[in-house]
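Be aware that the sequence shown starts at 1, since it is given in UniProt numbering, and climbs by one per residue. Think of the CB as a built atom: it goes at the ideal place given N, C-alpha and C, for glycine as much as any other residue. Scroll down for the structure; my scribbles are underneath it.
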Amino acid sequence: MIYWEIFLAFFIPGIVGYGGGPATIPLIEYEIVHRYGWMSIEEFGEVLALGNALPGPIATKMAGYIGFEQAGILGATIGLFATIAPSLILMIILLSVLQSFKKSPKVKQLSTIVRPTIAVLLGAMTVRFVETSYLDSGWLQTGFIVIVSYFLMEKRKVHPALVILGSLIYGAIFLR
Numbered sequence: 001m002i003y004w005e006i007f008l009a010f011f012i013p014g015i016v017g018y019g020g021g022p023a024t025i026p027l028i029e030y031e032i033v034h035r036y037g038w039m040s041i042e043e044f045g046e047v048l049a050l051g052n053a054l055p056g057p058i059a060t061k062m063a064g065y066i067g068f069e070q071a072g073i074l075g076a077t078i079g080l081f082a083t084i085a086p087s088l089i090l091m092i093i094l095l096s097v098l099q100s101f102k103k104s105p106k107v108k109q110l111s112t113i114v115r116p117t118i119a120v121l122l123g124a125m126t127v128r129f130v131e132t133s134y135l136d137s138g139w140l141q142t143g144f145i146v147i148v149s150y151f152l153m154e155k156r157k158v159h160p161a162l163v164i165l166g167s168l169i170y171g172a173i174f175l176r
C-alpha cells in the first residue's frame with residue numbers, strides 16, 4: 001500500500017500542478033504533510049531547502065528523497081516515476097496526435113516556422129552564456145573553451161556530453 005501512496009502523492013501534484021516544479025511544491029506539501037503525515041512542516045521545509053540547493057528539478061529530487069525515506073530504493077524509484085509520469089503520458093499522447101497529422105501541410109508549415117525560432121533562441125542563449133563566461137573568466141579562457149569545444153565536436157566528432165565533462169574538469173582545475 002505504501003508504494004501506491006507514494007505514487008499518488010507525487011502523481012496527483014504532477015497532473016494538476018500547472019507550471020512545473022515550483023507550482024507543484026504546495027500540492028506535494030499537502031500530500032506529504034497533511035494527507036499522509038510522513039513529515040512535519042519543518043521537515044518538509046528542510047527537504048525543500050535541500051532540493052533547492054541541488055541542481056535539477058526540485059520535485060524529482062524531493063520525490064526521490066521522500067520515496068526513499070518511506071520505502072527504500074523501490075519507493076524512491078516509484079516517487080521519481082510518479083513525478084515524471086504526467087509529462088511522459090502527455091508527451092506520448094501529443095506525439096501520437098502529431099504523428100497522425102505529420103503529412104498535413106499545416107503541421108509542415110508549423111515545423112518550418114518553429115525551427116528558425118528555436119535556432120534564434122538557442123543562439124541568444126549562447127550569446128548570454130559567452131558574455132557571462134567572459135565576465136567571470138576573461139576572453140582568454142572563454143575563447144580557449146569555445147575553440148577547443150568546436151574542434152572536438154565538429155572536427156573530431158566527440159560526443160557533446162564528453163566535451164561538457166571535459167569543460168567542467170578544465171573549469172574545476174583552472175578557473176577556481
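Secondary structure of Val-163 (DSSP, three-state): helix. Following the DSSP letters along the chain, one finds Gly-79 inside the alpha helix (DSSP H) bounded by residues 58–100.
Excluding five sequence positions before and after Ile-28, the CB atoms of its chain that fall closer than 6 Å to its own CB belong to Pro-13, given in chain order. The three-state secondary structure of Val-146, taken from DSSP, is helix.
The alpha carbon of Thr-83 has as its nearest neighbour, out of Pro-160, Val-163, Gly-17 and Lys-102, the alpha carbon of Gly-17.
Collapsing the DSSP output to three states places Trp-4 in a helix.
Residue state for Lys-157 is assigned as coil, using DSSP reduced to three classes. Here Pro-55 carries a coil assignment [DSSP, helix/strand/coil]. The region 62–71 makes contact with the region 34–49, as at least three CB pairs between them are under 8 Å. DSSP places Arg-176 in the coil class of the three-state scheme, outside both helix and strand.
Counting the other Cβ atoms within 10 Å of the Cβ of Glu-31 gives 16 or more, which makes it buried.
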